[in-house]
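So for the sequence shown, the working numbering puts the first residue at 697; every next one is plus one.
Think of the CB as a built atom: it goes at the ideal place given N, C-alpha and C, for glycine as much as any other residue.
Notes follow the structure.
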Amino acid sequence: MTRVVFLLVPQLHLLDLAGPAQVFSSAADLGYDYQLHYVAEREQVPTVQGVPLVADTRWPELAPDDLVIVPGWRPAAHGPQGPVSPADLRRLAEHHAAGGTVASVCAGAYALGRAGLLDGRRCTTHHEVQDDLARRHPAAQVVRDVLYVVDDRVVTSAGIASGIDVALHLVATRHGPATAAKIARTLVVYARRNGHEPQASALMRHRSHLSDSVHRVQDLIDSRYAEPLPLAELAAAGGVAERTLTRLFRASTGLTPLGYQQLLRVERAEHLIGHGTTVEAAARAVGFTDARMLRRLRARPTRSDPVSNGSSRRGSGTPPATSRAA
């Protein structure tokens, strides 16, 4: 079981909470063992939108696989830093130190900053408070005008609707992009938003196009990214000829089908490695025959279109390096 704990503060924004909560609730509906918790200093939590919330004042016991998410609040209510207690800040830092993932939505990044989790890391927040966050936490590298940033199990997002994007990313890294795509369609956010940033998952970066044929092919690749997928099978799924698929896929995503598949493999491998799996074991888990290809792909500089030789029967090309390439 994975616990998703939302730390609630007075005058939080409902959508900062409801968006990510809906994503993980939908994952639970699909059979994934998620248990949602809502904790606060007081049982009654007022919101900006006027709907009061009820929370638990006791934290559950946390394991490294659990998530802690801090939704954002209205900065004018009590300053952008928010009324997060020293005890709760300590819990955030301790959970991350124990191997857990800590995420924020909008102004929730201030809580992560006060907990010391942004020092030396890339992060983001809502565009209206980005400069203030950078001023208050000079040791952090604030990335402006992006949807979300992932850096060493510290996940920060721009807020409001982008909380859905970052939650889908977290689901994709844990259960694969096909699961996240299914949840996205359930939430009627089938057109994934582009984060314009390497930390954003392939699910977000390469799904903002309008080609139904390419979306169908991506659905197939998402669900079987660790398997060999001949170009003929992919073309059949898209209902087009192989040459047409290669042209459409590149025009829609900037990648060949194999380039997209390998990008999914590398992102999944990055997640496994970040949670203690060896490079060799991660490479095998995502479909590489050995770790050499994985190491080469992780070391590549980011490029918008890494493919230079065109597609073969099985597709061709390689993906750009993902975040924190090594």
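Per DSSP, what kind of secondary structure is residue i in: helix, strand or coil?
| i | result |
| --- | --- |
| residue 844 | strand |
| residue 740 | strand |
| residue 860 | helix |
| residue 982 | coil |
| residue 837 | strand |
| residue 708 | strand |
| residue 777 | coil |
| residue 745 | coil |
| residue 806 | helix |
| residue 759 | coil |
| residue 872 | coil |
| residue 944 | helix |
| residue 996 | coil |
| residue 919 | helix |
| residue 972 | coil |
| residue 903 | coil |
| residue 888 | Confidence at residue 888 is low in this model, with a pLDDT of 47, below 50, so the placement of that residue is unreliable and no value is reported for it. |
| residue 911 | helix |
| residue 949 | helix |
| residue 867 | helix |
| residue 823 | coil |
| residue 881 | helix |
Take residue i as the anchor and find which of the options has the nearest alpha-carbon.
| i | options | result |
| --- | --- | --- |
| residue 711 | 834, 859, 788 | 859 |
| residue 965 | 747, 871, 790, 912 | 871 |
| residue 784 | 950, 754, 775, 771 | 754 |
| residue 903 | 938, 945, 934 | 945 |
| residue 976 | 963, 991, 967 | 991 |
| residue 720 | 776, 876, 961 | 876 |
| residue 758 | 733, 933, 842 | 733 |
| residue 910 | 938, 986, 962 | 938 |
| residue 714 | 826, 747, 850, 931 | 747 |
| residue 773 | 803, 948, 831 | 803 |
| residue 996 | 962, 921, 703 | 962 |
| residue 727 | 838, 867, 736 | 867 |
| residue 920 | 970, 983, 731, 826 | 983 |
| residue 817 | 736, 786, 837, 979 | 837 |
| residue 825 | 908, 854, 843, 845 | 854 |
| residue 792 | 947, 814, 835, 771 | 814 |
| residue 835 | 845, 819, 843, 844 | 819 |
| residue 771 | 823, 960, 949, 951 | 823 |
| residue 931 | 923, 943, 796 | 943 |
| residue 760 | 790, 731, 776 | 790 |
| residue 985 | 908, 856, 922 | 922 |
| residue 874 | 916, 908, 730 | 916 |
Tell me the DSSP bridge mates of residue i?
| i | result |
| --- | --- |
| residue 731 | 699 |
| residue 752 | 735 |
| residue 765 | 702, 799 |
| residue 852 | 800, 845 |
| residue 646 | Look at the range of the chain in this structure, 697 to 1022, and you will see that residue 646 is not part of it. |
When we look at the beta-carbon of residue i and count the other beta-carbons within 10 Å, is it buried (16 or more) or exposed?
| i | result |
| --- | --- |
| residue 884 | exposed |
| residue 847 | buried |
| residue 745 | exposed |
| residue 958 | buried |
| residue 740 | exposed |
| residue 707 | buried |
| residue 781 | exposed |
| residue 865 | buried |
| residue 955 | buried |
| residue 918 | buried |
| residue 738 | exposed |
| residue 891 | A caution first: residue 891 carries a pLDDT of 41, below 50, which makes its placement in the model too unreliable to give a value. |
| residue 756 | exposed |
| residue 709 | buried |
| residue 914 | buried |
| residue 906 | exposed |
| residue 994 | buried |
| residue 924 | exposed |
Just to confirm, is the Cβ distance from residue i to residue j under 8 Å?
| i | j | result |
| --- | --- | --- |
| residue 752 | residue 698 | no |
| residue 788 | residue 798 | yes |
| residue 717 | residue 879 | no |
| residue 769 | residue 862 | no |
| residue 926 | residue 941 | no |
| residue 829 | residue 805 | yes |
| residue 840 | residue 809 | no |
| residue 849 | residue 970 | yes |
| residue 701 | residue 750 | no |
| residue 821 | residue 852 | yes |
| residue 981 | residue 987 | no |
| residue 766 | residue 807 | yes |
| residue 703 | residue 764 | yes |
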